[in-house]
Amino acid sequence: MAEVDRRLLVWTLASFHVAGLTIGFVIPAYASGGLSDVLPEFGTIPGVLGYAYLWVLSWLATRWVLTDEVFEATLAGAVRPVILRGSAGGGLVGLGTLVGPLLLLSLPDLVTGSADLTSVVLIFAIGAGIATAVGVAFGLVFTLLDLAAVRVAAVAVPDGSGSDPIAADATPESDRVGERS
């Protein structure tokens, strides 16, 4: 049962992270008018592929963060392991967010010889540190939000270990469903 719970949590958190990132960037960019030049040329398919790429990165990082040991420790109340791994996972997502598009955009030009390899390496060298640092910061923020959500869910949703007083009162002992008197 714990494996099913962990897998569901990984999918849910990965989806929450990508939706949060998308909303966090798109709404301010749209409100400032920054998307009016980009969106008409971008198209739906590249947008969906970009979203899917970011979701896969988030899913892989969340799965890496929530190993069985970290998952069990988090459920037991420990926060340090998940905060450290969550921040590192965010850094990996930040790095992947830079590397994927950089390769996608520069590889065809590198193969044909129209791009300078030194320029691509320089962009990667400078961008990798920045992307990783930004990813660590976002990883920390999302880890803290995730911990808060797990705590709220633990309080709000019964764990099934005790008797449910509402269900017990709903069916008296003498009138149990399926029993004949």
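Numbering (my numbering), first residue to last: 955 to 1135.
We put the CB at the ideal spot given by N, CA and C, even for glycine.
### Query
Pairing CB atoms from the stretch 1043 to 1052 with CB atoms from the stretch 1092 to 1101, are three or more of them under 8 Å?
Under the three-pair Cβ rule at 8 Å, the stretch 1043 to 1052 counts as touching the stretch 1092 to 1101.
### Task
Determine the direct distance from the alpha carbon of Leu1061 to that of Ala1069, and round the result to whole angstroms.
Translated into the one-based positions of the sequence shown, residue 1069 becomes position 115. Translated into the one-based positions of the sequence shown, residue 1061 becomes position 107. A straight line joining the alpha-carbon of Ala1069 with that of Leu1061 spans about 9 Å.
### Separation of Phe1025 from Pro905, as counted between CA atoms
Look at the range of the chain in this structure, 955 to 1135, and you will see that residue 905 is not part of it.
### Query
Three or more beta-carbon pairs under 8 Å between the stretch 1026 to 1039 and the stretch 967 to 986, yes or no?
Touching, no.
### Task
Report the rounded CA-to-CA distance for Val1019 versus Arg1039, giving the unit in angstroms.
Residue 1019 sits at position 65 when you count from the first residue of the sequence shown. Residue 1039 sits at position 85 when you count from the first residue of the sequence shown. Taking the straight line from one Cα to the other gives about 5 Å.
### Message
Would Thr1016 and Gly1043 be called neighbours here (beta carbons separated by less than 8 Å)?
### Response
On the sequence shown, residue 1016 is found 62 positions in, with the first residue counted as 1. On the sequence shown, residue 1043 is found 89 positions in, with the first residue counted as 1. Contact flag set, yes.
### Query
What is the rounded straight-line gap between the Cα of Val1106 and the Cα of Thr966?
By 1-based counting over the sequence shown, the position of residue 1106 is 152. By 1-based counting over the sequence shown, the position of residue 966 is 12. For the pair Val1106 and Thr966, the Cα-to-Cα distance works out to about 15 Å.
### Query
Near Ala983, what residues of its chain come up, given a Cβ to Cβ distance below 8 Å and the 5 sequence neighbours on each side ignored?
Indexing the sequence shown from 1 puts residue 983 at position 29. Excluding positions up to five away in sequence, the list reads Leu989.
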